[in-house]
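A.B. asks: One structure is given below, represented as C-alpha cells, and several questions about it will come after.
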RNA sequence: GAGCCCGUAGCUCAGUUGGCAGAGCAUCUGACUUUUAAUCAGAGGGUCGAAGGUUCGAAUCCUUCCGGGCUCACCA
C-alpha cells in the first residue's frame, strides 16, 4: 500500500478532515491555485492557548491533506485588525491615551507600546512572533489591508445587493434589542473615525453606497467598499470565506450557530462555505470554561516552562472534540505520552505510523529518540538531587548511559531543563531546613571527613555502608533518627533517597560541601519563611 | 428553548477500522543492611451509567432513557 492509500484509509482525525477537503475540491486544484486553510485572530488581545490550539490543529489537517494530494495549500492567519476598540485592555501601558481612541479601528490607534505603526500592528506582530516561535508555516493577512486595498470590494457589493436576505439570515439568532439596531454594515464615521453600529437608512446598490446617521446626526452616504465600511463579524466571516475562497476553517463549539448562519450567508453571496470542524472548549480543573479574563486554566507560557512544545501539541492533537481539562497536572502525563508515542513510532509499520500522534506533531518526520527516560523519572531525579541546573541531572544520566550527552540527546536535555524548573517552582519552596543539634553536628563532621577519606571508586552500596557506620559511631537513639536528620538538615525534607545512591548522584565532593554549608548554617537561609 | 460533550478500577483518564477490559496515581505485599511516600518486583480492584436492538461476538455500531457538564440567545 502506498503512503497515499494508507493515508486515505487512516482513521486519525486529521486525515478524516483532509479527506473532506479533498472531496470538497473534487480532487482538482481550485481556481485560485491552492487549497486555503484559515485561522482567525482577534487582535484586541494577545495570542493565547486557544490561538495555539487552532493553528496546530489546522496545520495537522493541512499536512495530512498534503499527504493525500499534490494540490498546493496555504494557511492564512487572518487578523481582524479593523475591529473597533471596545475596551482599554488593562495589561498595556498608556491607558489614558488609549481611552481617547475607543471605538476606532485597531489599526487607527497609536501603539501604546510605541514600537509599531498602530496598536493593531503591534498585536499583529505579537501574533506572528508567537506563531514563528513554534515554526508554523502560515501567511499573515490583515483585515484592514484587505478592506482598504479593495480585495473585498466585489463581495462587499454583493452583501449590499443581498442585504435583505443576509439580514434575514442573521436576525433569528439575535436578541430582540439587538435586532432593532442591527446592520451588517458598520460604517466608519468620516468625522470621528469610529466604527459605527448604526442602522442603515438607505442603500444604493448600483452606486455601492449606504446612508446612515453619523454621530453628530448628519445623514451621511458612504461607499461600502475600499475600507469605508466594515462588516459586522458574522457577515464579515462569511464575506471573507467567499472573497478569499476559504476551504477549511475550524472553530469552537460556542460558534456553532454562527457557523451555520455564516454558511447561509456565504451561499447567498455565491460562495461555497468552507469545510468546518467544531472543536470542544477547554475546561479548568473544576470543569469550568477557560477564559482569559478569569485567568483560570493554563497559559502557553506556563506549559512551556515545564514541558516541551511537542507535549502541548500532543494535548491539542488528542480528542479535539472532547471537552478536556487543561491544568497543570496534565502536563507530565502528556510529556510521557509523547515520549512513548515517539518510542513506539520506531517499531511501527508505515501505515501504523500515520495514526501515531507524533507523525502529526512533527509533520511526518518525528525525531529519533535513543535514550528513553520518562519525564516522571526526571522529575523525581530533579527533586532527589536538588537539581538547580540540568547538569546535575546529566551527571546521573551519563552514568546511566555513558555515551549520552546534551548534544546527542536534545530531547532528553530539554526535558532535564524542564524538570529543573519543576523542581525550582514546586519542590524547592516546600523545603524546610533545620539546624543540627550537637550530636548531629558531630556526626555530620565525622561523615564529611569519612567521605573525603573513602576510596574514590567506591560504589553507592559502599558509601551507604559508610554512612551507616558513621551513624553507629554516634549516640543516636536508633539509626532511623540519623537518616532522618540527614534528610532534614541537608535536604530540607523529612524523607529522601537512599543516601548512598544520592551521594553518588550528587557527587562526593559536592556532598561534603553541602554538609559543610549545613554546618555553617548556610542552608537555613533557604528556609521558606511563609 | 436549541446544540455539543461526557458517564470505563478509589482518583484522572486510554481503549484507532466490533475480537479475552488497560495505563498512571492511590491501596496492599515483598525486596533493597534508614523512612508510610528514592528505586525495583508483585498483588488486589471494574455487571464499561441503564434498557433494548444489529452481530457468531458490542466498552466500541443503532434507538430510547437516566445522570453530570458546557455552549449559544450582549461582544467578537
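Numbering (the numbering used here), first residue to last: 330 to 859.
Yeah, the Cβ is synthetic: ideal placement off N, Cα and C, and Gly gets one too.
Tell me the residue span of the alpha helix (DSSP H) that contains residue 470.
C.D. replies: Unbroken run through residue 470 is the beta strand (DSSP E), 468 to 471; no alpha helix (DSSP H).
A.B. asks: So what does residue 579 bridge to, in DSSP terms?
C.D. replies: Its beta-bridge partners are 606.
A.B. asks: In this structure, how does DSSP classify residue 595 when only helix, strand and coil are distinguished?
C.D. replies: Helix at residue 595.
A.B. asks: Can you tell me which of the three DSSP states residue 529 falls into?
C.D. replies: Strand, per DSSP.
A.B. asks: Return the residue from the list 556, 431 and 464 that minimises the CA-CA distance to residue 521.
C.D. replies: The candidate whose alpha carbon is nearest that of residue 521 is 431.
A.B. asks: Output the distance between the C-alpha atoms of residue 371 and residue 454, rounded to the nearest integer angstrom.
C.D. replies: If you take the alpha carbons of residue 371 and residue 454, they lie about 13 Å apart.
A.B. asks: Taking its Cβ as the centre, do 16 or more other Cβ atoms sit within 10 Å of residue 504, making it buried, or is it exposed?
C.D. replies: Looking at its Cβ environment, which holds fewer than 16 other Cβ atoms inside 10 Å, residue 504 is exposed.
A.B. asks: Do three or more CB pairs link the segment 636 to 645 to the segment 653 to 663 at distances below 8 Å?
C.D. replies: With a cut-off of 8 Å, the segment 653 to 663 and the segment 636 to 645 count as touching, because enough Cβ pairs lie within range.
A.B. asks: What are the partner residues of residue 408, as DSSP defines its beta bridges?
C.D. replies: DSSP output for residue 408 lists 370 and 471 as bridge partner(s).
A.B. asks: Indicate, with yes or no, if the ligand MN has a heavy atom lying under 6 Å from the CB of residue 605.
C.D. replies: Looking for the ligand MN in the displayed structure turns up nothing, as the structure carries no ligands at all.
A.B. asks: Of all the options 836, 792, 791 and 848, which has the alpha carbon lying nearest to the alpha carbon of residue 817?
C.D. replies: Measuring from the Cα of residue 817, the nearest candidate turns out to be 848.
A.B. asks: Would you kindly report the start and end of the unbroken alpha helix (DSSP H) that includes residue 457?
C.D. replies: Unbroken alpha helix (DSSP H) run through residue 457: 448 to 462.
A.B. asks: Taking three-plus beta-carbon pairs below 8 Å as touching, is the segment 482 to 489 in contact with the segment 553 to 567?
C.D. replies: Yes, they touch.
A.B. asks: Flag this pair as touching only if the segment 560 to 572 and the segment 585 to 594 have three or more C-beta atom pairs under 8 Å; answer yes or no.
C.D. replies: Yes: the two stretches touch, three or more of their Cβ pairs being nearer than 8 Å.
A.B. asks: Do the segment 645 to 653 and the segment 602 to 610 make contact, defined as three or more Cβ pairs closer than 8 Å?
C.D. replies: Contact holds: three or more Cβ-Cβ distances are below 8 Å.
A.B. asks: Per the contact definition of three or more C-beta pairs closer than 8 Å, is the segment 763 to 772 in contact with the segment 726 to 737?
C.D. replies: Verdict: no, contact absent.
A.B. asks: For residue 344 and residue 404, which I take to be in contact (beta-carbon distance under 8 Å), what is that distance rounded to the nearest angstrom?
C.D. replies: Between residue 404 and residue 344 the Cβ distance is about 17 Å, and since that is not below 8 Å, they are no contact.
A.B. asks: Once you ignore the five residues that flank residue 859 on each side, which residues in its own chain have a CB closer than 6 Å to its CB?
C.D. replies: The pLDDT assigned to residue 859 is 29, lower than 50, so where the model puts this residue is not dependable; a value taken from the coordinates is nonetheless given after this. Cβ neighbours of residue 859 beyond the five flanking positions: none.
A.B. asks: Within 10 angstroms of the Cβ of residue 696, are there 16 or more other Cβ atoms? Answer buried if so, exposed if not.
C.D. replies: Label assigned to residue 696: exposed.
A.B. asks: Looking only at C-alpha atoms, which of 429, 459, 409 and 424 sits nearest to residue 436?
C.D. replies: Out of 429, 459, 409 and 424, 409 has the C-alpha closest to the C-alpha of residue 436.
A.B. asks: Please determine, among 801, 640, 821 and 557, the residue with the shortest C-alpha to C-alpha distance to residue 743.
C.D. replies: Residue 743 has its Cα closest to that of 640, out of 801, 640, 821 and 557.
A.B. asks: Three-state secondary structure (DSSP) at residue 855?
C.D. replies: Legend: pLDDT at residue 855 = 49, less than 50; position of this residue unreliable, no value from coordinates given.
A.B. asks: Residues in the same chain with beta-carbon distance under 8 Å from residue 601, minus the five sequence neighbours each way, listed in chain order, please.
C.D. replies: Excluding positions up to five away in sequence, the list reads 353 and 595.
A.B. asks: Identify every residue that forms a DSSP beta bridge with residue 630.
C.D. replies: DSSP, once it has assigned bridges, lists no residue as partnering residue 630.
A.B. asks: Report the option in 379, 557 and 802 whose CA atom is closest to the CA atom of residue 581.
C.D. replies: Cα-wise, what sits closest to residue 581 is 379.
A.B. asks: DSSP on residue 542, reduced to helix/strand/coil?
C.D. replies: Three-state result, residue 542: strand.
A.B. asks: If we count Cβ pairs, one from each stretch, closer than 8 Å, do we get three or more for the segment 709 to 720 versus the segment 675 to 689?
C.D. replies: Verdict: no, contact absent.
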